[in-house]
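Numbering (this note's numbering), first residue to last: 11 to 424.
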Amino acid sequence: MSDKPNLSINGDRLWQSLMDMAKIGATQKGGVCRLALTDVDKAGRDLFVSWCREAGCSITVDKMGNIFARRPGLNNELPPVVTGSHLDSQPTGGRFDGVYGVLAGLEVVRSLNDLGLQTEHPVEVAVWTNEEGSRFAPAMVASGVFAGVFDLDYGLSRADPDGKTMGQELARIGYAGEAEVGRPVHAYFEAHIEQGPILEAEGKTIGVVTDAQGQRWYELNITGVESHAGPTPMTRRKDALLGAARIVDLVNKIGHRFAPRACATVGMMQVYPNSRNVIPGKVFMTIDFRHPEDETLAAMDKAMRDGVAEICGEIGLGVEIDQIFYYAPVHFDDACIDAVRKGVAENGYSARDMVSGAGHDACYLARVAPTGMVFIPCVDGISHNEIEDATPEWVSAGGQVLLRAVLEKAGQAH
């Protein structure tokens, strides 16, 4: 690291970039809707690419549509230091989730240009495709292909509810790149809003992320018998929705049973035939389990499967349980964590260590590269919501720490 005292990003420029990007897919309540590989997502990608080219970066797009904006280093044979996140959003998403990490990375590049600094390693800003998993399940599939968790055919064949695949939609919007997916990375950093209430509640400016929770996602198909709501006696019903309701309660109880670090959620349910005077014969539902210890996740899995079998057996229902997504808890790289801590100390920010409760592309990158994360607060801990918010001061502070961490790993030339 250099001993120059004024290695600073331009916080006002970073904030303005966030506000300009938020105009793309803007919603009436102040949020954004940029579902992966829609025309609106393409518009956001195009704006990012134009900004990166203005900053002197070359652009590479791989076969999963991941974008890499490269600022050369003094030795371009060295693997790059990469920073970034995602531009896609939830249907009712906010202005900071994902996009903050992308534009904080761009601000690092812009600030290096302003400061006239060269790095030994190239520095790249990444946009990962379909991080949210809102349109195409599972989440983080493109960074997962990059990390070798999924193969390319699997990634490109993921389909939305209308049957359109990621491969088809990448080609349609012009982001089906030619580069192979996956290559050496010297280090990866991701800046992100916390998506929880802890930092703001404790008056901390930066979260130093040491670990990330493991996750298991399930899809359940429950089968009963459709029947008339009037003539069918209560004792003869095989009500799929009744079973689903009891499973929702079961999932909630499992979350409390393994508290305080467990999270258990039913986030989606579809009822068939969904008629007011027909006993439901089929229900599709999802379950999301999270915990920072793999053994506890396994215990939650067993509790759910045992409970679902008991519930469906009592009512006379059929059930299929499909675990569609799993990754083990992640411990981030100690040297990258230390680089983030140095950025905090050099700027005098208040900070605390944190375990990420959400999934991030960084969780997959950690399998193939030394990885660290920088969290900033969000107002009231609200995220995946149109009212998601942060302050310019938090945004700037996270970018400042990111700059120092990137320089630490990329090697500032003297």
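From the three backbone atoms N, C-alpha and C, an ideal C-beta is built for every residue, glycine too.
Asked, Found
"CB of P405 within 8 Å of CB of G103, strictly", "Residue 405 is actually Val in this sequence, not Pro. No."
"Rounded separation between E324 and Y336 - CA only", "29 Å"
"Residue closest to A368, alpha-carbon to alpha-carbon, out of E229, V389, Q205, V133", "Q205"
"Status (buried if at least 16 other CB within 10 Å, exposed otherwise) for T245", "exposed"
"Assigned exposure category for I232 - 16 Cβ within 10 Å defines buried", "buried"
"Per-residue DSSP class, three states only, for R300", "strand"
"Sequence-distant residues of the same chain with beta carbon closer than 8 Å to L28, five excluded per side", "R105, F106, V109, Y110, L113, V405"
"Whole-angstrom C-beta distance between V411 and I427, which should lie under 8 Å", "Any property of residue 427 remains undetermined from this structure, which presents the chain solely from 11 to 424."
"Segment limits, alpha helix (DSSP H) that includes A186", "Per DSSP, A186 belongs to no alpha helix (DSSP H) and is neither H nor E."
"Opposing strand residues paired with K292 [DSSP bridges]", "T233, Y282"
"Nearest to I77 (by Cα), restricted to the options D298, L327, D98", "D98"
"Those residues which DSSP pairs with I347 across a bridge", "None; I347 has no bridge partner."
"From F342, M295, K352, residue whose alpha carbon lies closest to that of I331", "M295"
"Delimiting residues of the alpha helix (DSSP H) encompassing I264", "250-267"
"Spatial distance of Q26 from Q223 (CA atoms)", "32 Å"
"Contacting residues, own chain, Cβ-Cβ under 8 Å from A361 (five flanking each side not counted)", "K214, T215, I216, G217, V218, R351, V354"
"Nearest to M278 (by Cα), restricted to the options R286, V293, M150, L122", "V293"
"Which residues DSSP lists as bridging W227, in chain order", "D298, F335"
"C-beta contact flag for H394 and Q100 at 8 Å", "yes"
"Terminal residues of the beta strand (DSSP E) in which I19 lies", "Taken as a continuous stretch (DSSP letters only), I19 belongs to no beta strand (DSSP E), as it is neither H nor E."
"Nearest candidate by alpha-carbon position, reference D170, set D161, L162, L180", "L180"
"Where E398 falls, given that 16 or more other Cβ within 10 Å makes a residue buried", "buried"
"Environment of N140 [buried if 16+ CB atoms lie within 10 Å]", "buried"
"Per-residue burial, K14 [other beta carbons within 10 Å of its own, 16 or more giving buried]", "Summary for K14: the model assigns pLDDT 46, below 50, so the residue's position carries little reliability, and this model does not support an answer."
"Supposed close pair A319, F299 - CB separation, criterion 8 Å", "The Cβ separation is near 17 Å, so there is no contact."
"Buried/exposed call for K73, threshold 16 Cβ in 10 Å", "buried"
"Beta-carbon gap between T381 and D348 smaller than 8 Å", "no"
"6 Å Cβ shell around A53 - same chain, five flanking residues per side excluded", "I34"
"Of the residues R315, P270, R286, the one placed nearest G240, counting alpha carbons only", "R286"
"Assigned secondary structure, Q26 (DSSP; H/G/I helix, E/B strand, else coil)", "helix"
"Short Cβ contact (8 Å threshold) for T191 with Y374", "According to the sequence provided, residue 191 is Val. The question's Thr does not apply to it. Not closer than 8 Å, so no."
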